[in-house]
Structures are given as structure tokens and as C-alpha cells.
Amino acid sequence: MKLPLVATLAALLALPAQAEQLKVATTFTIIADMARNVAGEAATVESITKPGAEIHNYQPTSGDLIRAADADLILVNGLNLESWFQQFIDQLGDVPVAVVSDGIQPMSITGGDYDGKPNPHAWMALDSALVYVHNIATAMATADPDNAATYLANADAYKAQITQTIAPLRDAARALPPDRRWLVTSEGAFSYLARDFGLQELYLWPINADAQGTPQQVRHVIDVMRQNDIGVVFSESTVSDRPARRIASETGAAYGGVLYVDSLSEADGPVPTYLDLLRVTSETIVNGLGG
47 MKLPLVATLA ALLALPAQAE QLKVATTFTI IADMARNVAG EAATVESITK
97 PGAEIHNYQP TSGDLIRAAD ADLILVNGLN LESWFQQFID QLGDVPVAVV
147 SDGIQPMSIT GGDYDGKPNP HAWMALDSAL VYVHNIATAM ATADPDNAAT
197 YLANADAYKA QITQTIAPLR DAARALPPDR RWLVTSEGAF SYLARDFGLQ
247 ELYLWPINAD AQGTPQQVRH VIDVMRQNDI GVVFSESTVS DRPARRIASE
297 TGAAYGGVLY VDSLSEADGP VPTYLDLLRV TSETIVNGLG G
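The sequence shown: position 155 = 201 (the working numbering), numbered continuously.
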């Protein structure tokens with residue numbers, strides 16, 4: 047028997063209201079993926095910048111402001127990564143912000159206009175990544191106490207996945223012959239990873255916010271590669287690969303391929319998740335240096 051319309055509406059209105067999910071915004075895709083793993087089904091997460099974006103000098107849109115204004119929490123990297131963020135948040139008002147790199151001892155940028163400033167790419171180190179996840183879970187638990195236990199449990203499980211992904215590749219890099227432990231890249235974004243992997247680092251420019259691929263930068267890298275008989279050079283996904291390929295051509299070194307650091311790819315791309323980014327980048331380095 048069909049219930050009368052009035053009775054049906056009355057029954058629906060009598061149901062308990064569903065609590066709104068915590069809405070989290072992040073400054074870039076890597077933090078967004080970390081936060082989604084912590085959130086599970088308890089919160090929604092959206093990145094302000096899109097896959098493949100160059101994060102350092104991003105230019106926010108009015109749509110970015112509208113979406114972020116609806117957030118209950120914004121997660122930022124800090125360490126001077128998001129040079130655009132202070133002006134952005136000033137336009138939003140009272141949206142809470144958590145800096146996910148808090149508690150990390152940063153490495154310093156060497157060279158260029160940013161010499162001595164913190165290197166912001168701390169998520170490329172295993173220990174730092176675990177701090178990021180802890181800080182994300184803590185911020186979400188504070189913003190949404192009813193789901194705190196869920197966030198903390200998800201964070202513990204995710205930390206284990208990160209460790210299982212990166213530890214074997216780190217050990218493989220440390221086992222390479224010493225003369226092959228050179229990581230030559232476009233941007234100096236891999237300092238934390240190079241330190242963890244026991245690699246010497248050489249790069250064209252210190253940070254993507256700096257000048258890129260100048261003749262002086264190219265000549266310096268070529269000279270060091272020749273002096274040390276370095277056999278492979280890599281580029282990075284959010285910048286042109288032309289300088290790295292030119293160096294490979296002039297030195298006779300192999301072009302080792304693209305490394306990922308500042309952004310995830312689209313879902314059908316090579317690094318749709320942070321774990322994929324760690325795995326693909328680390329495998330590319332280990333295979334390139336070991337070849």
C-alpha cells in the first residue's frame with residue numbers, strides 16, 4: 047500500500063539530520079592525496095592547484111578563491127613553497143590553516159636568489175613524509191573531533207604504506223657503486239631524497255621560482271659532469287626537459303627520463319597518487335643510475 051505523500055514527507059523530516067563532512071582544501075595535489083588517505087570517507091578533500099601545475103609561482107583564480115572559501119580547513123606545505131598563498135588567504139578571512147611541514151628540520155637551498163632559504167620539498171624524504179601525515183591527521187582531528195579516531199587510524203595505516211613503498215628503493219640506491227651515486231636534475235627539488243638515498247646532488251637551478259636553464263647553469267653542470275664522469279641526467283615533470291637533454295647531448299650522458307616532485311598527474315597518468323610519485327621517481331633514479 048502506498049503511503050500518502052504527506053505521511054512520506056513527515057517521515058523524511060523526522061529522520062536525524064546528517065552531519066556535514068569536513069571540507070578540506072590543500073595548496074597542491076600531493077598534500078591533497080595524503081589528506082584523502084587520512085580522511086577516508088569522513089571528509090572531502092580538494093586541491094586548489096590542479097595536476098601538473100607549477101606550484102611555486104601559481105596564479106590563483108577567482109574560482110580557486112570561491113572553492114577555498116567554502117573549506118573548513120586549508121592544508122599548506124609552508125617552507126616558502128607557496129609564494130602566492132599569503133595574499134590568497136588574506137582574501138579568504140577566517141578559514142583555519144595548518145602547515146603540514148611543522149616540526150621538520152629543513153634543508154637549505156644553495157645558490158641563486160633563494161640561497162639560504164628553506165628547501166620546501168621535504169615530502170620527498172621518508173621521515174618527513176611521516177611528519178606530514180601526522181600533522182594532517184592532527185589538523186583534521188582538531189577540526190572534526192567526532193572523526194578523530196578515524197583520521198588517526200587511517201594515518202597510521204598510510205604511514206606504513208609509505209614506508210613499505212620507499213624503504214626498499216632507498217636501500218637499492220644506497221647499494222649502488224659510489225661513483226654512480228650522482229643525481230643530476232633540472233631543479234634542486236630532490237635534496238631530501240638525495241640525502242636519504244646517499245646520493246650526491248647536482249642541479250641546473252635551485253628552485254623553479256628562480257631563473258631556469260641559463261647558459262651559466264648549463265655550463266656549470268656540464269663541467270661537473272665531465273669532471274666526475276657522470277653518466278645520466280634527469281628532468282622534472284613541471285618544467286621543460288630541453289636543458290637536461292642538451293646536457294646529455296653535449297656530455298654523452300644518458301637522458302634518464304622524467305622525475306616527479308611538485309605535482310601528481312591526472313588519474314590516467316603515471317603518478318596519480320603520492321605513493322605512485324615516490325615509486326616512479328625512485329625507480330627511475332635507481333634504474334637510471336644502475337644502468
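Where a beta carbon is used, it is the ideal one built from N, C-alpha and C, also for glycine.
Exposed is the label assigned to Asn103, since fewer than 16 other Cβ atoms lie within 10 Å of its Cβ. Gly109: member of the alpha helix (DSSP H) spanning Ser108 to Ala115, first to last residue. When the five nearest sequence neighbours on each side are left out, no beta carbon in the same chain lies closer than 6 angstroms to the beta carbon of His266.
For Gly315, the number of other beta carbons within 10 angstroms of its own is below 16, and it is reported as exposed. If only uninterrupted beta strand (DSSP E) runs of at least 3 residues are considered, those enclosed by the segment 250 to 309 are 278 to 282 and 300 to 305. Fewer than three beta-carbon pairs drawn from the segment 134 to 154 and the segment 195 to 214 are found closer than 8 angstroms, and the two stretches are therefore not classed as touching. As a beta-bridge residue in DSSP terms, Lys69 pairs with Thr90. Distances from the alpha-carbon of Ser281 to those of Tyr306, Leu239 and Gln105 put Tyr306 closest.
Looking only at Ser174, Arg113, Leu119 and Asn83, the smallest Cα-Cα distance to Asp242 is reached by Ser174.
Under the 8 angstroms Cβ criterion, the segment 320 to 337 does not count as touching the segment 111 to 119, having fewer than three qualifying pairs. Per DSSP, the beta bridge partners of Leu248 are Val230.
In this structure Thr90 is not in contact with Gln105, their Cβ atoms being roughly 25 angstroms apart against a cut-off of 8 angstroms. Taking the CA atoms as reference points, Ile120 sits about 41 angstroms from Ala294. The C-alpha of Gln263 lies about 26 angstroms from the C-alpha of Ala171. Take the alpha-carbon of Gly336 and the one of Arg226: they are about 7 angstroms apart. Residues Val279, Ala290, Arg291 and Ala294 of the same chain have their beta carbon placed closer than 7 angstroms to that of Tyr301, with the five preceding and five following residues left out of the count.
Per the coordinates, the alpha-carbon of Thr95 lies some 19 angstroms from the alpha-carbon of Asp322.
When DSSP states are grouped into helix, strand and coil, Ile120 belongs to the strand group. Residue pairing by DSSP places Val141 opposite no residue, since no beta bridge is assigned to it.
Rounded to the nearest whole angstrom, the CA to CA distance from Asp110 to Ser237 is 30 angstroms. DSSP, read as helix, strand or coil, puts Ser237 in helix. Here Ser129 is exposed, its C-beta having fewer than 16 other C-beta atoms within 10 Å. Secondary-structure assignment with DSSP links Pro164 through a beta bridge to Ser154. Note on geometry: alpha-carbon atoms of Val179 and Tyr197 lie some 10 angstroms from one another.
Excluding residues up to 5 positions away in sequence, Tyr306, Pro316 and Val317 lie with their Cβ nearer than 8 angstroms to the Cβ of Val326 in the same chain.
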